[in-house]
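A.B. asks: Numbering (full-length UniProt numbering), first residue to last: 1 to 217.
Think of the CB as a built atom: it goes at the ideal place given N, C-alpha and C, for glycine as much as any other residue.
As the structure is a prediction and not an experimental result, all values here were calculated from the model.
Pasting a structure here, questions to come.
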């Protein structure tokens with residue numbers, strides 16, 4: 001039992017160090033050597049706990065998703081209407097991603113791979129853990145949509161598909177927000193980059209999601 005506990009403790013130390021570096025530097029600027037140095041171990045030890053770099057990053061994403069799920073849980077308050085619940089989910093998702101850009105990095109890095117490719121890089125046990133963390137977030141979306149369907153204000157045939165779309169679209173929006181640049185064409189025909197007004201982005205995102213889920217008048 002002591003060996004199991006020590007292994008679990010070391011795994012947690014590696015994840016905590018990875019998360020700290022991600023939050024400080026963003027995922028793309030954190031190297032395995034930096035993580036090992038922060039824990040005080042050789043990089044080879046990391047691969048005794050995580051079979052690949054992608055698996056380590058996937059488990060770090062689970063940490064982010066667990067925090068995000070707690071924020072999305074605000075949508076479950078009993079006095080909220082289904083449209084209000086969907087708005088809260090949209091706002092909380094964008095707020096969390098803006099606060100933790102490395103969450104966006106992690107999520108998008110895994111979305112680049114097909115499911116079969118992930119199975120080659122991440123163990124089935126940990127891929128299942130990642131899927132469960134994502135589904136806990138999706139449960140809040142599907143619950144709000146199903147409540148809206150029942151009330152007649154939403155018309156969604158496949159709530160789980162919409163949850164997946166909201167997740168990926170939200171990540172795309174956050175990618176724009178993170179770089180704080182939108183591309184516009186100047187009078188000269190040349191492209192120009194401008195800072196994104198976050199309040200306007202959030203309002204547009206809310207309207208976009210509402211357009212997907214709401215029933216036609």
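Drop a sphere of 10 angstroms on the beta-carbon of residue 107, count the other beta-carbons inside from all chains shown, and report buried for 16 or more, exposed for fewer.
C.D. replies: Your numbering for residue 107 matches position 107 in the chain shown. With 16 or more other Cβ atoms within 10 Å, it is buried.
A.B. asks: Report the rounded CA-to-CA distance for residue 205 versus residue 90, giving the unit in angstroms.
C.D. replies: For this step, residue 205 is matched to residue 205 along the chain shown. For this step, residue 90 is matched to residue 90 along the chain shown. Approximately 7 Å, taken between the alpha carbons.
A.B. asks: Please work out which residues of its chain come closer than 6 Å, Cβ to Cβ, to residue 27, disregarding the five sequence neighbours upstream and downstream, and give them in chain order.
C.D. replies: If you number the chain shown from 1, residue 27 lands on position 27. So the qualifying residues of the chain are 102, 105, 106.
A.B. asks: What first and last residue would you give for the alpha helix (DSSP H) that runs through residue 119?
C.D. replies: For the purposes of this step, residue 119 is taken as residue 119 along the chain shown, with counting starting at 1. Element bounds for residue 119: 115-121.
A.B. asks: Excluding the 5 residues preceding and the 5 following residue 69 in the sequence, name in chain order all residues of the same chain whose CB lies nearer than 6 Å to its CB.
C.D. replies: Here residue 69 is taken as the residue at index 69 of the chain shown, counted from 1. These residues qualify, in order along the chain: 136, 137.
A.B. asks: Which partner residues does residue 214 have in the DSSP bridge list?
C.D. replies: Numbered from 1 along the chain shown, position 214 holds the residue referred to as residue 214. Within the DSSP secondary-structure output, residue 214 pairs in a beta bridge with 154.
A.B. asks: Looking only at C-alpha atoms, which of 126, 134, 203 sits nearest to residue 52?
C.D. replies: In the chain shown, the residue the question calls residue 52 occupies position 52. Out of 126, 134, 203, 126 has the C-alpha closest to the C-alpha of residue 52.
A.B. asks: Only counting the same chain, and skipping five residues up and downstream in sequence, which positions put a Cβ closer than 7 Å to that of residue 177?
C.D. replies: Locating residue 177 in the chain shown gives position 177, where the first residue counts as 1. Result list for residue 177: 98, 196, 198, 201, in chain order.
A.B. asks: Assuming residue 144 contacts residue 85 (C-beta within less than 8 Å), just tell me the rounded distance between them.
C.D. replies: Counting from 1 along the chain shown, the entry for residue 144 is found at position 144. Counting from 1 along the chain shown, the entry for residue 85 is found at position 85. Sure, about 4 Å apart at Cβ, within 8 Å.
A.B. asks: Return the residue from the list 121, 207, 111, 208 that minimises the CA-CA distance to residue 168.
C.D. replies: As a working mapping, residue 168 is identified with position 168 in the chain shown. Closest by alpha carbon: 111.
A.B. asks: Would you kindly work out how many angstroms separate the C-alpha atoms of residue 139 and residue 43, rounded to a whole number?
C.D. replies: Mapped onto the chain shown, residue 139 falls at position 139. Mapped onto the chain shown, residue 43 falls at position 43. Rounded to whole angstroms, residue 139 to residue 43 spans 37 Å at the Cα level.
A.B. asks: Mind listing, in chain order, the continuous alpha helix (DSSP H) runs of no fewer than 4 residues lying wholly within the stretch 3-81?
C.D. replies: Residue ranges of uninterrupted alpha helix (DSSP H) with 4 or more members, entirely inside the stretch 3-81 and ordered along the chain, are 32-39, 43-49, 53-72.
A.B. asks: Using the Cα positions of residue 163 and residue 212, report the straight-line distance between them to the nearest angstrom.
C.D. replies: In the chain shown, residue 163 corresponds to position 163, counting from 1. In the chain shown, residue 212 corresponds to position 212, counting from 1. Cα-Cα distance, rounded: 11 Å.
A.B. asks: For the structure I just gave you, are there three or more beta carbon pairs, one from the stretch 7-19 and one from the stretch 34-42, closer than 8 Å?
C.D. replies: yes
A.B. asks: Taking the C-alpha atoms as reference points, what is the distance between residue 54 and residue 171?
C.D. replies: Position 54 of the chain shown, counted from the start, is the residue given in the question as residue 54. Position 171 of the chain shown, counted from the start, is the residue given in the question as residue 171. Between the alpha carbons of residue 54 and residue 171 lies a gap of roughly 19 Å.
A.B. asks: Grab the span of the alpha helix (DSSP H) containing residue 101 for me, first residue to last.
C.D. replies: For the purposes of this step, residue 101 is identified with residue 101 of the chain shown, where counting begins at 1. Start and end: 101-111.
A.B. asks: From the DSSP output, in three-state form, read off residue 199 for me.
C.D. replies: By one-based count along the chain shown, residue 199 stands at place 199. DSSP places residue 199 in helix when its eight states are reduced to three.
A.B. asks: Do residue 229 and residue 30 have their C-beta atoms within less than 8 Å of each other?
C.D. replies: Lying outside 1 to 217, the shown extent of the chain, residue 229 is not represented and no answer is given.
A.B. asks: To the nearest angstrom, report how far apart residue 133 and residue 96 are at their CA atoms.
C.D. replies: The residue labelled residue 133 in the question sits at position 133 within the chain shown. The residue labelled residue 96 in the question sits at position 96 within the chain shown. Near 16 Å, if we compare the C-alpha coordinates of residue 96 and residue 133.
A.B. asks: Just how far apart, CA to CA, sit residue 23 and residue 61?
C.D. replies: The count along the chain shown starts at 1 and reaches residue 23 at position 23. The count along the chain shown starts at 1 and reaches residue 61 at position 61. Residue 23 and residue 61: Cα-Cα distance of roughly 12 Å.
A.B. asks: So residue 174 and residue 94 are supposed to be a Cβ contact under 8 Å. How far apart are they, rounded?
C.D. replies: As a first step, residue 174 must be located in the chain shown, where it is residue number 174. As a first step, residue 94 must be located in the chain shown, where it is residue number 94. The C-beta distance from residue 174 to residue 94 rounds to 6 Å, short enough to meet the 8 Å contact threshold.
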